[in-house]
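Visitor:
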Amino acid sequence: MRVLGIETSCDETGIAVFDDEQGLLSHALYSQVKLHADYGGVVPELASRDHVRKIVPLIKQALKDANSTVDDIDGIAFTKGPGLIGALLVGACVGRSLAYSWGKPAIGVHHMEGHLLAPMLEDDAPAFPFLALLVSGGHSMLVKVDGIGQYEVLGESVDDAAGEAFDKTAKLMGLDYPGGPRLAKLASKGVEAGYKFPRPMTDKPGLNFSFSGLKTFTANTIAAEPDDEQTRANIARAFEEAVVDTLAIKCKRALKQTGYNRLVVAGGVSANSRLRENLAEMMQQLNGEVFYPRGEFCTDNGAMIAYAGLQRLKAGQTENLEVQGQPRWPLDTLEAV
Ligand code: KG4
Ligand code: ZN
Numbered sequence: 002m003r004v005l006g007i008e009t010s011c012d013e014t015g016i017a018v019f020d021d022e023q024g025l026l027s028h029a030l031y032s033q034v035k036l037h038a039d040y041g042g043v044v045p046e047l048a049s050r051d052h053v054r055k056i057v058p059l060i061k062q063a064l065k066d067a068n069s070t071v072d073d074i075d076g077i078a079f080t081k082g083p084g085l086i087g088a089l090l091v092g093a094c095v096g097r098s099l100a101y102s103w104g105k106p107a108i109g110v111h112h113m114e115g116h117l118l119a120p121m122l123e124d125d126a127p128a129f130p131f132l133a134l135l136v137s138g139g140h141s142m143l144v145k146v147d148g149i150g151q152y153e154v155l156g157e158s159v160d161d162a163a164g165e166a167f168d169k170t171a172k173l174m175g176l177d178y179p180g181g182p183r184l185a186k187l188a189s190k191g192v193e194a195g196y197k198f199p200r201p202m203t204d205k206p207g208l209n210f211s212f213s214g215l216k217t218f219t220a221n222t223i224a225a226e227p228d229d230e231q232t233r234a235n236i237a238r239a240f241e242e243a244v245v246d247t248l249a250i251k252c253k254r255a256l257k258q259t260g261y262n263r264l265v266v267a268g269g270v271s272a273n274s275r276l277r278e279n280l281a282e283m284m285q286q287l288n289g290e291v292f293y294p295r296g297e298f299c300t301d302n303g304a305m306i307a308y309a310g311l312q313r314l315k316a317g318q319t320e321n322l323e324v325q326g327q328p329r330w331p332l333d334t335l336e337a338v
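In this text, residue positions in the sequence shown follow our numbering: the first is 2, and each later residue adds one.
(1) What are the start and end residues of each continuous alpha helix (DSSP H) run of 4 or more residues lying completely inside the segment 161–204, in chain order?
(2) With a threshold of 8 Å, establish whether the CB of D177 neighbours any heavy atom of the ligand KG4.
(3) Excluding sequence positions up to five away, which residues of its chain have a Cβ less than 6 Å from the Cβ of H52?
(4) Quick check on T80: does DSSP put it in helix, strand or coil?
(5) Bridge partners of I236, per DSSP?
(6) Compute the Euclidean distance between the alpha carbons of T219 and I77, then round it to the nearest angstrom.
(7) Less than 8 Å between the CB atoms is what I'm expecting for V154 and D333, so what's the real figure, rounded?
(8) With DSSP as the reference, label I74 as helix, strand or coil.
(9) Mind checking whether the beta-carbon of S137 lies closer than 8 Å to any heavy atom of the ligand ZN?
(10) On the three-state DSSP scale, how would you describe H140?
(11) Could you tell me whether any non-hydrogen atom of the ligand ZN is closer than 8 Å to the CB of G269?
(12) Around the Cβ of V57, are there at least 16 other Cβ atoms within 10 angstroms (buried) or fewer (exposed)?
(13) Considering only their Cβ atoms, is the gap separating D160 from G41 smaller than 9 Å?
(14) Between the C-alpha atoms of E123 and R295, what's the straight-line distance to the nearest angstrom?
(15) Which term fits S158, buried or exposed, when burial requires 16 or more other beta carbons within 10 angstroms of its beta carbon?
(16) Can you tell me whether D301 is buried or exposed, with buried defined as 16 or more other CB within 10 angstroms of its CB?
(17) Is C11 a contact residue of the ligand ZN, with contact defined as CB to any heavy atom under 8 Å?
(18) First and last residue of the beta strand (DSSP E) that includes Y31?
(19) Taking A29 as the reference, give the member of V110, L276, I16 with the closest Cα.
(20) Using the beta-carbon count (16 or more within 10 Å), is P199 buried or exposed?
(21) In whole angstroms, what separates the C-alpha of V247 from that of Q318?
(22) Just verifying my parser: in three-state terms, what is the DSSP assignment at A107?
(23) Taking C252 as the reference, which of A185, V136, A225, M174 has the closest Cα?
(24) Give me the residue from H140, R263, I236, L99 with the minimum Cα distance to E320.
(25) Assign E1 to one of three DSSP states: helix, strand, or coil.
(26) For the structure I just gave you, are there three or more beta carbon pairs, one from the segment 96–113 and one from the segment 223–235, closer than 8 Å?
(27) In or out: P106 buried (at least 16 other Cβ within 10 Å) or exposed?
(28) Give me the residue from P331, Q258, R254 with the minimum Cα distance to D204.
(29) What number of angstroms, rounded off, separates the C-alpha of Y152 from the C-alpha of R263?
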């Protein structure tokens with residue numbers, strides 16, 4: 002089975018062709034970063050319009066790169082939610098309509114299920130069951146994963162998502178959008194300077210996260226310190242360590258609770274080197290294994306949507322003829338495969 006995947010939930014247009022025998026045949030990505038940079042964040046209406054401009058040329062490119070024609074495609078998967086409704090509707094409209102006109106089945110995919118399954122695109126894919134730490138711009142959650150669609154959310158952020166905390170903190174440090182990777186770059190130049198950043202919600206039981214206080218703590222630290230590049234880098238490092246440490250503590254707790262020894266880390270923040278190193282070390286100590294997507298599939302992409310969609314289409318699940326987006330969509334309401 003060969004599936005065309007379409008991702009348009011936020012500020013990246015991602016298209017891919019995935020074949021269950023031959024693997025990933027092509028993927029094409031257009032990032033709107035430059036478009037939104039002047040505004041310091043994603044402007045939903047501009048995002049939708051840019052998806053409209055880019056989606057068809059990217060589909061043509063992905064099909065060509067995959068050496069595929071319409072006849073070779075067995076189904077179309079598109080991100081149905083969660084995300085920005087206007088952006089989602091572009092992918093849903095094109096995906097649903099193309100599938101109808103080509104006479105193929107369509108499936109609407111949950112964006113976070115896409116992230117969660119992204120490590121399956123790698124040669125050393127994890128076996129079920131595992132614990133997943135999903136850390137993106139819109140979500141932070143710990144999920145007990147027993148199979149495709151068998152998800153139990155054990156904990157999530159009660160305020161800002163991890164990526165959002167990176168982005169907002171980067172903004173108040175004067176860094177341009179998208180702040181996460183920029184803050185990480187600045188932090189890499191920082192040295193241990195004795196800052197005592199909190200590890201929010203680690204002193205009480207439970208697996209929820211809260212990151213908005215860290216942002217305020219960073220703002221207060223910046224205000225109290227000299228305004229030079231090295232001090233900024235040291236503060237960025239202390240902030241990053243606090244986020245990473247907090248995520249690691251909660252992962253360890255969830256692994257203990259579930260008894261699982263495989264950890265999957267996915268979503269935009271899983272591209273963060275400090276997080277990857279820290280969790281790799283922790284899993285080594287715990288005699289477990291950690292799995293990440295390759296760098297380019299940590300952030301939004303079409304490959305993860307094509308992969309997730311294929312699993313569902315193969316199991317006979319399909320979308321009706323309605324064009325639908327679902328901006329809010331709890332992960333644990335998905336149908337098992
Ligand atoms: O998964 P994603 O591409 O989009 C959403 O589904 O939200 O995640 C984007 C988020 C942004 O908040 C971005 O700043 C963050 O991931 N991010 C990073 C890094 N790369 C991307 N955060 C920290 N360190 C990074 N290296
Ligand atoms: Zn995402």
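Every residue gets a Cβ at the ideal spot worked out from N, C-alpha and C, and that includes glycine.
Guide: Looking at the coordinates:
(1) 163–173, 180–188
(2) Mapped onto the sequence shown, residue 177 falls at position 176. No, the ligand KG4 has no heavy atom inside 8 Å of this Cβ.
(3) Locating residue 52 in the sequence shown gives position 51, counting from the first residue. Result list for H52: T9, T14, A88, V91, in chain order.
(4) As a working note, residue 80 is residue 79 in the sequence shown. Of the three classes helix, strand and coil, the one that applies to T80 here is strand, per DSSP.
(5) Taking the first residue of the sequence shown as 1, we reach residue 236 at position 235. Beta-bridge pairing links I236 to no other residue.
(6) In the sequence shown, residue 219 corresponds to position 218, counting from 1. In the sequence shown, residue 77 corresponds to position 76, counting from 1. When rounded, the distance between both Cα atoms is 44 Å.
(7) Translated into the one-based positions of the sequence shown, residue 154 becomes position 153. Translated into the one-based positions of the sequence shown, residue 333 becomes position 332. The Cβ separation is near 5 Å, so the contact holds.
(8) For this step, residue 74 is matched to residue 73 along the sequence shown. Residue state, collapsed to three classes: coil.
(9) Within the sequence shown, the letter at position 136 stands for residue 137. Within the cutoff, so yes.
(10) Counting from one through the sequence shown, the residue named residue 140 turns up at place 139. H140: coil per DSSP, three-state reduction.
(11) Position 268 of the sequence shown, counted from the first residue, corresponds to residue 269. The answer is yes for G269.
(12) On the sequence shown, residue 57 is found 56 positions in, with the first residue counted as 1. Per the 10 Å Cβ criterion, exposed.
(13) Translated into positions along the sequence shown, residue 41 becomes position 40. Translated into positions along the sequence shown, residue 160 becomes position 159. Going by C-beta atoms, G41 is not nearer than 9 Å to D160.
(14) As a working mapping, residue 123 is identified with position 122 in the sequence shown. As a working mapping, residue 295 is identified with position 294 in the sequence shown. Roughly 7 Å separates the two Cα atoms.
(15) Counted from its first residue, the sequence shown places residue 158 at position 157. Label assigned to S158: buried.
(16) In the sequence shown, the residue the question calls residue 301 occupies position 300. Under this definition D301 is a buried residue.
(17) Translated into positions along the sequence shown, residue 11 becomes position 10. Yes; taking the cut-off as 8 Å, the Cβ of C11 has a heavy atom of the ligand ZN nearer than that.
(18) The residue labelled residue 31 in the question sits at position 30 within the sequence shown. Residues 24–32.
(19) Indexing the sequence shown from 1 puts residue 29 at position 28. That would be I16, whose Cα lies nearest to the Cα of A29.
(20) Working through the sequence shown from its first residue, we reach residue 199 at position 198. With fewer than 16 other Cβ atoms within 10 Å, it is exposed.
(21) On the sequence shown, residue 247 is found 246 positions in, with the first residue counted as 1. On the sequence shown, residue 318 is found 317 positions in, with the first residue counted as 1. Correcting the residue type first, residue 247 is Thr in the shown sequence and not Val. Their Cα atoms are separated by approximately 38 Å.
(22) Sequence index remark: in the sequence shown, residue 107 carries index 106 (1-based). In the structure shown, A107 sits in a strand (DSSP, three-state: E or B).
(23) Here residue 252 is taken as the residue at index 251 of the sequence shown, counted from 1. With distances taken between Cα atoms, C252 lies closest to V136.
(24) On the sequence shown, position 319 is the one that residue 320 refers to. Selected option, being the one with the closest Cα: L99.
(25) Beyond the ends of the chain as shown, which are 2 and 338, falls residue 1; an answer cannot be given.
(26) no
(27) In the sequence shown, residue 106 corresponds to position 105, counting from 1. That one is buried.
(28) Position 203 of the sequence shown holds residue 204. Of the listed residues, the one whose Cα sits closest to D204 is R254.
(29) Position 151 of the sequence shown, counted from the first residue, corresponds to residue 152. Position 262 of the sequence shown, counted from the first residue, corresponds to residue 263. Going by the C-alpha atoms only, they are around 15 Å apart.
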